[in-house]
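A quick write-up on the structure given underneath.
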Ligand code: UD1
Ligand code: UDP
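Laid out in C-alpha cells, this is it:
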C-alpha cells in the first residue's frame, strides 16, 4: 500500500496537548501513514514543557518565538516558515488544531499549495470578532479553508453548517479529553513532583487554581482579575490560590505586581502537563480564562469560573459545570465568594457530565483520515 504523508503542525502549549493523542495514533498506524511533525515554536519553553510529557519526535522546529511578539511579525514568519516545510514534505494532508496564529497560518499556507487540510477542534464560535482576540477570526478563516472539519460537539458542527463551509464535517469529541484521561491515569499511578508542598502550611485549605492569558483582557481586565483574587484572599484565610503564571509579559507584569507578595497566593512558573493535571485534580475551584481548562475541569469534577465576557464553549455553562463571570472585579469576587461559601453548590457543579468528549476523539479522527485519504483513494 502507498503510505499517505500527514504533516502535523503546532506552535503553542494547548496545541501540543490536543494534537499529541492524534500524533500518537498516527504513529501507531505506521503501515498506513508517514507522520511528520512540525513545531513553529510560537511558544518556546511552554511548548517544550508540554512536548516532554508525550515524547514523540519533531522533525521540523521553526523556533519562531520572540519576546512579546506582535501578531503581524509572528504571522509573517510563521507563513514563510510553514510554506518551506510544506514545500519540502509535500504532505497528502496537513493537520492543524484550534485557533492560534500557527493554526491559521498553517491552513493558509497549506491552501496556497493546494494541500488538503484537516482541522482538529473545528466550529467553536462566540460570534464576537474581538472575543477571543484574535482567535475568533483565526478559526473562521480556518473554517473556510479546511477539507475535513473535526468538530468536538454537535453545536460546533451546526456552527460550521450555518457558515456553509466547504469540506466534510465530522463530530469526534475533543482530543483534549483523550490527553487528559491518559495523563490522569499516569499521575494517579506516579504522582509528579510539584513545586509547592501542600502538606506544609496549606494542609486542609481550600484550593483555588488560577490561570489566565487572554489578549482581550490585557490591561484593565487583568488588573481587575488580580485585584479580585487579592480581595478574596484577604477575606478567606482558609483559602489558598495557586496560580501558575503564563509567560506572556502582558500577563506577568500585573500578576507579579498585584499578587506577588501575598502569603496565600502562590505564583508558580507554568507547570508541566502531568503536574498541572495533578494539581487541578487536587483543587476545589478552577478560576480561568483558558479554553482547554474549561474542557478539562468538568472531567475531573471541578467547578469552573470563566473570567471572560464570552465563551465558545457554552456546553459546560449550559450543563452547569462552569459559569461565565466576566472580567469585572465585583462580579469575580461575588461569584468566587458564593462558591467558597457553598460547598454543596461546588459539588453540584462538579457532578455534571463532561460534555466535551469520551477520550476516543483521536481514534475517530485517524479512522476518518484512513477512510477518506487512504481507503477511498485506493478504491478509486
Ligand atoms: C497564544 C495563542 C492563544 C493561545 C495561547 C495558549 C495566538 C495569537 N495566541 O497566546 O490563542 O490560547 O497561546 O497559551 O496564537 N512566551 C514565552 N515563552 C513561552 C510562551 C510565551 O516567553 O513559552 C511569551 C513571549 O514573550 C511571547 C509571548 O509570551 O512573545 C506571547 O506568545 P504568543 O504565542 O504570541 O501569545 P499567547 O498570549 O501565548
Ligand atoms: N496547562 C499546563 N500547565 C499550566 C497551565 C495549563 O499544562 O501551567 C495545560 C492545561 O491543562 C490545558 C492547556 O495547558 O490543557 C491550556 O493552555 P492555555 O490555557 O495556555 O491555552 P488555551 O487552552 O486557552 O488555548
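Numbering (the numbering used here), first residue to last: -18 to 361.
The beta carbon of each residue, even a glycine, is placed where N, CA and C say it ideally should be.
Values in this document were obtained by computation on a predicted structure and should not be read as measured data.
heavy atom of ligand 2 below 7 Å from residue i C-beta
{"i": "residue 154", "result": "no"}
{"i": "residue 313", "result": "no"}
{"i": "residue 33", "result": "no"}
{"i": "residue 343", "result": "no"}
{"i": "residue 277", "result": "yes"}
{"i": "residue 148", "result": "no"}
{"i": "residue -6", "result": "yes"}
{"i": "residue 285", "result": "no"}
{"i": "residue 192", "result": "yes"}
Pick from the options that is closest to residue i, judged by C-alpha positions
{"i": "residue 141", "options": "70, 122 and 111", "result": "122"}
{"i": "residue -16", "options": "15, 272, 2 and 296", "result": "15"}
{"i": "residue 51", "options": "238, 196, 297 and 304", "result": "196"}
{"i": "residue 283", "options": "273, 270, 263 and 292", "result": "263"}
{"i": "residue 257", "options": "321, 238, 241 and 277", "result": "277"}
{"i": "residue 23", "options": "9, 53, 193 and 314", "result": "53"}
{"i": "residue 159", "options": "-11, -3 and 351", "result": "-3"}
{"i": "residue 173", "options": "128, 260, 114 and 120", "result": "260"}
{"i": "residue 146", "options": "110, 100 and 180", "result": "100"}
{"i": "residue -5", "options": "-13, 108, 81 and 12", "result": "81"}
Spatial neighbours of residue i in its chain, beta-carbon cut-off 7 Å, leaving aside the 5 residues before and after
{"i": "residue 90", "result": "60, 63, 64 and 67"}
{"i": "residue 86", "result": "56, 59, 60 and 63"}
{"i": "residue 202", "result": "308"}
{"i": "residue 126", "result": "88, 89, 92 and 98"}
Other residues of its chain near residue i: CB distance less than 6 Å, five sequence neighbours each side excluded
{"i": "residue 345", "result": "153"}
{"i": "residue 335", "result": "279 and 280"}
{"i": "residue 270", "result": "193, 195, 288 and 289"}
Neighbourhood of residue i by C-beta distance below 8 Å, restricted to the same chain and skipping five residues each side
{"i": "residue 150", "result": "103, 104, 130, 132, 138, 141 and 142"}
Neighbour-count burial assignment, residue i, 16 or more Cβ in a 10 Å radius
{"i": "residue 33", "result": "exposed"}
{"i": "residue -8", "result": "buried"}
{"i": "residue 73", "result": "buried"}
{"i": "residue 184", "result": "exposed"}
{"i": "residue 236", "result": "buried"}
{"i": "residue 234", "result": "exposed"}
{"i": "residue 293", "result": "buried"}
{"i": "residue 47", "result": "exposed"}
{"i": "residue 134", "result": "buried"}
{"i": "residue 83", "result": "buried"}
{"i": "residue 352", "result": "exposed"}
{"i": "residue 11", "result": "exposed"}
Closer than 7 Å: residue i CB and nearest ligand 1 heavy atom
{"i": "residue 109", "result": "no"}
{"i": "residue 25", "result": "yes"}
{"i": "residue 120", "result": "no"}
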